[in-house]
Structures are given as structure tokens and as C-alpha cells.
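In case it helps, our numbering puts the sequence shown at residues 30 to 141.
By construction, the Cβ of each residue, glycine as well, lies at the ideal position given by its N, Cα and C atoms.
Since we're looking at a predicted model, the values are computed, not measured.
Taking it in order: structure first as C-alpha cells, then the write-up.
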Amino acid sequence: MFWKLVLSDTPCKVRRRNRGICIRKILGATASGILVFFSPSYIALIAWALLSIPVANYLLAECLVSFAYRIEVGWWMLMLPLVALAGICAAVISIQPVKATRVNPVEALRCE
Numbered sequence: 030m031f032w033k034l035v036l037s038d039t040p041c042k043v044r045r046r047n048r049g050i051c052i053r054k055i056l057g058a059t060a061s062g063i064l065v066f067f068s069p070s071y072i073a074l075i076a077w078a079l080l081s082i083p084v085a086n087y088l089l090a091e092c093l094v095s096f097a098y099r100i101e102v103g104w105w106m107l108m109l110p111l112v113a114l115a116g117i118c119a120a121v122i123s124i125q126p127v128k129a130t131r132v133n134p135v136e137a138l139r140c141e
């Protein structure tokens with residue numbers, strides 16, 4: 030579900046905000062400035078994932094208590110996938126706005 034949101038929402042947002050990107054680029058915005066323009070909503074999603082780690086750790090520990098053979102779940106077992114997820118999301122999210130900044134803004138505005 031999260032991947033569907035990230036992979037489909039980013040290109041859609043770029044297409045919706047294409048005029049704004051072109052105008053910002055004409056006014057002198059850099060690719061990193063446009064990337065910052067897109068990142069707050071995704072940073073919020075990753076922050077929610079980060080905040081859910083203690084809850085997941087507690088629920089997982091409570092679930093494993095009833096088993097005779099159990100393992101200790103360390104915080105790194107939950108943090109490692111989150112770091113990988115954040116890295117992949119950063120790569121996916123940064124590709125689309127960078128593609129949009131490489132387009133000639135005059136041609137993009139002419140098409141609209």
C-alpha cells in the first residue's frame with residue numbers, strides 16, 4: 030500500500046504542479062529547491078513510520094511472550110527496514126522532480 034502511494038503519487042503530483050515547477054525554474058529555482066517543495070508530505074509519512082517503531086516493538090514483544098521458544102526482538106530489527114524504506118523512498122521521490130526540472134520550462138508552459 031505504501032509503495033503504491035509513493036510510486037503513483039509522486040508522478041501525479043509532479044504533473045499537477047508542472048506549471049508551478051516551470052515558473053519557479055524560470056525565476057531561478059534550483060533542482061534541490063524544487064525537491065524541497067515536494068518533500069514535506071513524504072517526510073511526514075516517514076516520521077509516522079518512525080513513531081510507530083516503539084508501538085510495533087511493544088506489540089511484538091507482547092505477542093511473543095506466550096510462546097515457549099521465543100526470541101528477543103531488538104530495536105534494530107525494526108529500525109533496519111525503516112532505514113531501507115527511507116532510502117528507497119528518497120530515491121524514488123527525488124527522481125520525479127529532477128526529471129521535471131530538466132524539461133525546458135518554456136516548452137512545458139507552451140503545451141498548457
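For residue i versus residue j, is the C-beta spacing smaller than 8 Å?
i, j, result
"P134", "L64", "no"
"A129", "V43", "yes"
"I82", "M108", "yes"
"W104", "N86", "yes"
"V102", "L89", "yes"
"R48", "L114", "no"
Please identify the residue among the options whose C-alpha is closest to the C-alpha of residue i.
i, options, result
"S123", "I55, G62 and R53", "G62"
"S37", "Y71, F96 and C92", "Y71"
"V132", "A78, C51, L56 and S95", "C51"
"C41", "A58, F67, C92 and L56", "F67"
"T39", "C92, W77, A78 and P69", "P69"
**Item:** Contiguous alpha helix (DSSP H) assignments of at least 4 residues, all confined to the stretch 33-111
**Value:** As far as the stretch 33-111 is concerned, its whole alpha helix (DSSP H) runs of at least 4 residues are 47-55 and 60-93.
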